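Below is one structure, written out as structure tokens; the observations come after it.
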Amino acid sequence: MKENWNKRFASEEYVYGKEPNEWVKLQLSKIKPSKILFPGEGEGRNAVWAAKNGFDVHAFDFSEEAKNKALNLAQQNDVQINYIITSFGETKKHFDFNSFDAIVLVYVHLHEDIRQNAHKLLLDFLKPGGKLFLEAFSKEQLSLNSGGPKNLQMLYSVEDLQTDFAELKNLKISREDIILKEGAFHQGLANVIRLVGEKRGKFER
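So the sequence shown is numbered by the working numbering: it starts at -3 and just counts up by one.
Listed below in structure tokens is the structure:
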């Protein structure tokens, strides 16, 4: 899979565009700039926008080509982002628990065999009171041609994500039809899930 993503990101074109995801942009505009993590960040469009708006940005992906393009985009915008090459299984070597004020997952599609454990690990990196934001394709996206995996086991349901993130408070989750305009690979009618939640304090139930 890593080779496939390196191949996709090897072109000069930013295959998902250089502009941030519109929903993520809206959500991050509601919180104060702080330390933020972008897992599976790809070519850096969301991380660079966050850095331009005062966030202390950290990101990771397993694609070297993605990292190169993200750092190039950051340079074009005169900002710095901290971007490392790693997998979800190796993240504990790089990040401390309870260290991020926000985590943003934008179309990060994990196979159902690893999804739940990876999501729960990300919650360990979030500070109490920190927020998690997620936008991803639903299982209903399989019949559409606007982007996303063509593998049902890598698409999400509301129920999946409610289970994965059950320990978050103030959990808001919805499935919506939207029109995507994000580079060559995200175009047209799409069915997505959007989620926002907040990590409970140590003694909160």
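For every residue, glycine included, the Cβ atom is placed at its ideal position computed from N, Cα and C. Note that the coordinates shown come from a computational prediction; the quantities given were computed from them, not determined experimentally.
With respect to the alpha helix (DSSP H) encompassing ASN78, which residues constitute its N-terminal and C-terminal limits?
As a first step, residue 78 is located in the sequence shown; it is residue number 82 there, counting from the start. Here ASN78 belongs to no alpha helix (DSSP H); instead the beta strand (DSSP E) covers 78 to 81.
In its own chain, which residues sit with a C-beta less than 8 Å from the C-beta of ALA141, not counting the 5 before and 5 after it?
The residue labelled residue 141 in the question sits at position 145 within the sequence shown. The amino acid occupying residue 141 in the given sequence is Asn; Ala does not appear at that position. Around ASN141: GLY184.
Given ASN17 as reference, the closest of ALA70, ARG190 and ILE77 once Cα atoms are compared
Taking the sequence shown and counting its residues from 1, one reaches residue 17 at position 21. Measuring from the Cα of ASN17, the nearest candidate turns out to be ARG190.
Is DSSP giving LYS14 helix, strand or coil here?
Counting from one through the sequence shown, the residue named residue 14 turns up at place 18. It is coil, neither helix nor strand.
Any alpha helix (DSSP H) of 4 or more consecutive residues that is wholly inside the region 56 to 106:
You should have 60 to 72.
Assuming TYR103 contacts GLU131 (C-beta within less than 8 Å), just tell me the rounded distance between them.
Against the sequence shown, residue 103 aligns to sequence position 107. Against the sequence shown, residue 131 aligns to sequence position 135. Taking 8 Å as the upper bound for CB-CB distance, TYR103 and GLU131 are in contact here, some 7 Å apart.
Would you mind stating whether ILE80 and ASP52 have Cβ atoms separated by less than 8 Å?
Position 84 of the sequence shown, counted from the first residue, corresponds to residue 80. Position 56 of the sequence shown, counted from the first residue, corresponds to residue 52. For ILE80 and ASP52, no; Cβs fall outside 8 Å.
Distance between ASP160 and GLN71 (C-alpha atoms, nearest Å)
Here residue 71 is taken as the residue at index 75 of the sequence shown, counted from 1. Here residue 160 is taken as the residue at index 164 of the sequence shown, counted from 1. Their Cα atoms are separated by approximately 36 Å.
Alpha carbons only, please: which of LYS28, ALA47 and PHE129 is nearest the one belonging to VAL202?
Given that the chain is displayed from residue -3 to residue 201, the structure contains no residue 202 and the question cannot be resolved.
Please state the DSSP three-state secondary structure of ALA47.
Taking the sequence shown and counting its residues from 1, one reaches residue 47 at position 51. Looking at ALA47 - three-state DSSP - the assignment turns out to be helix.
Which word fits TYR110, buried or exposed, when buried means at least 16 other C-beta atoms lie within 10 angstroms of its C-beta?
To locate residue 110, count along the sequence shown from 1; it is residue 114. Note that residue 110 is Ile in the sequence shown here, rather than Tyr. Result: exposed.
Coarse secondary structure for ILE27, derived from DSSP in three states:
As a first step, residue 27 must be located in the sequence shown, where it is residue number 31. Coil, per DSSP.
Three-state secondary structure (DSSP) at GLU194?
Against the sequence shown, residue 194 aligns to sequence position 198. It is a strand residue.
What number of angstroms, rounded off, separates the C-alpha of ALA98 from the C-alpha of LEU117?
Against the sequence shown, residue 98 aligns to sequence position 102. Against the sequence shown, residue 117 aligns to sequence position 121. About 14 Å.
Own chain residues within Cβ distance below 6 Å of VAL197, not counting five before or after:
Position 201 of the sequence shown, counted from the start, is the residue given in the question as residue 197. One detail in the question is off: residue 197 reads as Gly in this sequence, not Val. The residues are PRO124.
Could you check what DSSP says for ALA114 in three-state terms: helix, strand or coil?
Here residue 114 refers to the residue found at position 118 when the sequence shown is read from its first residue. Assigned with DSSP and collapsed to three states, ALA114 falls in helix.
Reduced DSSP secondary structure (H/G/I, E/B, other) of PHE161:
Start at 1 with the first residue of the sequence shown, and residue 161 comes out as number 165. Coil at PHE161, not helix or strand.
Using 8 Å for Cβ pairs, my map puts PHE58 next to SER95. What's the rounded Cβ distance?
Position 62 of the sequence shown, counted from the start, is the residue given in the question as residue 58. Position 99 of the sequence shown, counted from the start, is the residue given in the question as residue 95. With 8 Å as the limit, PHE58 and SER95 do not qualify as a contact, their Cβ atoms being about 21 Å apart.
Select from PHE84, MET150, GLY179 and ARG41 the residue whose C-alpha is nearest the C-alpha of ASN64.
Looking up residue 64 in the sequence shown gives position 68. Comparing Cα-Cα distances from ASN64 to each of PHE84, MET150, GLY179 and ARG41, the minimum goes to ARG41.
DSSP three-state label for PHE121, please.
Working through the sequence shown from its first residue, we reach residue 121 at position 125. The answer is helix: DSSP assigns PHE121 an H, G or I state.
Using only CA atoms, which one of PHE91, GLY193, SER30 and ASN68 lies nearest to LYS14?
Walking along the sequence shown from the start, residue 14 turns up at place 18. Among PHE91, GLY193, SER30 and ASN68, the Cα nearest to that of LYS14 belongs to ASN68.
Backbone CA spacing between ASP173 and PHE133 [nearest angstrom]
Locating residue 173 in the sequence shown gives position 177, counting from the first residue. Locating residue 133 in the sequence shown gives position 137, counting from the first residue. Cα-Cα distance, rounded: 10 Å.
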